[in-house]
Amino acid sequence: MTRSIVTGGAGFLGSHLCDFLIAQGHQVACLDNLITGHKENIAHLAKNPNFRFLNRDVAKPLPSSLGKAHFVFHLASPASPAADSSKGYMAHSLKTIEANTVGTRLLLEYCQKTGSRFLYTSTSEVYGTPLEHPQKETYWGNVNPFGPRSCYDESKRLGETFVYEFIHKFKVNARIVRLFNTYGPRLNEADGRVVSNLITQALKGQALTVYGNGSQTRSFCYVSDLVRGLWKAVSLPRTAGEIFNLGNPHETSILQFAKLVKELCGKPGAKIIKKPLPQDDPIKRKPDISKAKKHLGWSPEIPLKEGLDQTINWYRSRI
Ligand code: UDP
138 MTRSIVTGGA
148 GFLGSHLCDF
158 LIAQGHQVAC
168 LDNLITGHKE
178 NIAHLAKNPN
188 FRFLNRDVAK
198 PLPSSLGKAH
208 FVFHLASPAS
218 PAADSSKGYM
228 AHSLKTIEAN
238 TVGTRLLLEY
248 CQKTGSRFLY
258 TSTSEVYGTP
268 LEHPQKETYW
278 GNVNPFGPRS
288 CYDESKRLGE
298 TFVYEFIHKF
308 KVNARIVRLF
318 NTYGPRLNEA
328 DGRVVSNLIT
338 QALKGQALTV
348 YGNGSQTRSF
358 CYVSDLVRGL
368 WKAVSLPRTA
378 GEIFNLGNPH
388 ETSILQFAKL
398 VKELCGKPGA
408 KIIKKPLPQD
418 DPIKRKPDIS
428 KAKKHLGWSP
438 EIPLKEGLDQ
448 TINWYRSRI
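Going by the working numbering, the sequence shown opens with residue 138, and the numbers climb by one from there.
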């Protein structure tokens, strides 16, 4: 039986990946220290004999009970930039740095020993405030190394360097995916991200908060599309040693996005209020996914409206 390890498996993306792998018949060991993940996200898997949850910090040595896995997915890291969120990476800056650096190294050492295939989830944040648009994997980025987002951006970059070293020094079968904004059910309300904030505000009849003038852009990928891409990136031949952007190239301004959320939540009259743009908030972001299309035969299929409808239904059922 195929065995997989998913770090950060109780998080938003990690829990969807666990679902996908279990549906494919894998045995899954889900590692999470629950600082930003939630047991609720994996509660439905608890009784599945192929699923195991380990409450672990990835920056600590792996338990010997793990045995050999075929695939290791390293997703564990806080990922929300919201400065006022207890779930954001700024609140957990040192843990974020450790998960992406020490954690990545420990997992690579494990893969070196076991011969497992490794997938490291990096981020579009490695491109910082990009001077190239859209962003290709070959772009080196424009990142502030000494600011509030640096704990995330720079530790993800160093994580990539660990992957590079283990590929070249020790021939570990590893690849990197750079994830762009992803959304869907289980995106935690307390995250303070634009998707969760605006939907919950609209559904509660509150004003929608747009930071800056709302002209900054993002490209939102629905979670099921993303998870399909993760699986292709790890399982297909000739993916070792490669980097792939995974995201939806459909770009929208945050103001347009807020208007769409109002409409889809059935609150066309809701107010939009402006708040200051956070420091180092990237002005634009859109993946160039030609490499993933060509090498993986992957591209997103779920249009923004359809994905948002699904997401809004999930929030509606909780409010
Ligand atoms: N944003 C916003 N209102 C909010 C939360 C975020 O206008 O309530 C903006 C934020 O400044 C950024 C974009 O939406 O320009 C996406 O923010 P998010 O935190 O979701 O992720 P990021 O892409 O910055 O990592």
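Virtual Cβ for every residue (Gly too), placed ideally from N, Cα, C.
Owing to the predicted nature of the structure, the values given are computational and were not obtained by experimental measurement.
Asked                                                                                                                    : Found
Supposed contact pair L441 and V398 - C-beta distance, whole angstroms, cut 8 Å                                          : No, V398 and L441 are not in contact; Cβ-Cβ is about 10 Å, not under 8 Å.
Within 8 Å, strictly: CB atoms of F317 and S361                                                                          : no
Burial state of E302, where buried means 16 or more other Cβ atoms lie within 10 Å                                       : exposed
Beta strand (DSSP E) runs wholly inside the region 164-232, at least 3 long, in chain order                              : 164-169, 188-192 and 208-211
Status (buried if at least 16 other CB within 10 Å, exposed otherwise) for N185                                          : exposed
Distance cut-off 7 Å: T173 Cβ against heavy atoms of the ligand UDP                                                      : no
Segments assigned alpha helix (DSSP H), at least 4 residues, entirely inside the region 305-348                          : 331-340
From K431, L433, G406 and V332, residue whose alpha carbon lies closest to that of I449                                  : V332
P186 Cβ short of 7 Å to the ligand MN heavy atom set                                                                     : In the structure on display, the ligand MN does not appear, and the ligands it does have are the ligand UDP.
Which residues DSSP lists as bridging S390, in chain order                                                               : T354
Proximity of L168 and A216 at Cβ, strictly below 8 Å                                                                     : no
Cut-off 8 Å between Cβ atoms - residues of its own chain near E443, not counting five sequence neighbours on either side : Y359
Classification of E269 by the beta-carbon crowding that lies within 10 angstroms, buried from 16 upward                  : exposed
Local Cβ density within 10 Å of H163, reported as buried at 16 or more and exposed below that                            : buried
Alpha carbon of L203 to alpha carbon of R254, nearest angstrom                                                           : 15 Å
C-beta contact flag for G159 and N187 at 8 Å                                                                             : The identity of residue 159 in the sequence shown is Ile, whereas the question assumes Gly. Yes. Within cutoff.
Rounded straight-line distance, which links the Cα of Q272 to that of G278                                               : 9 Å
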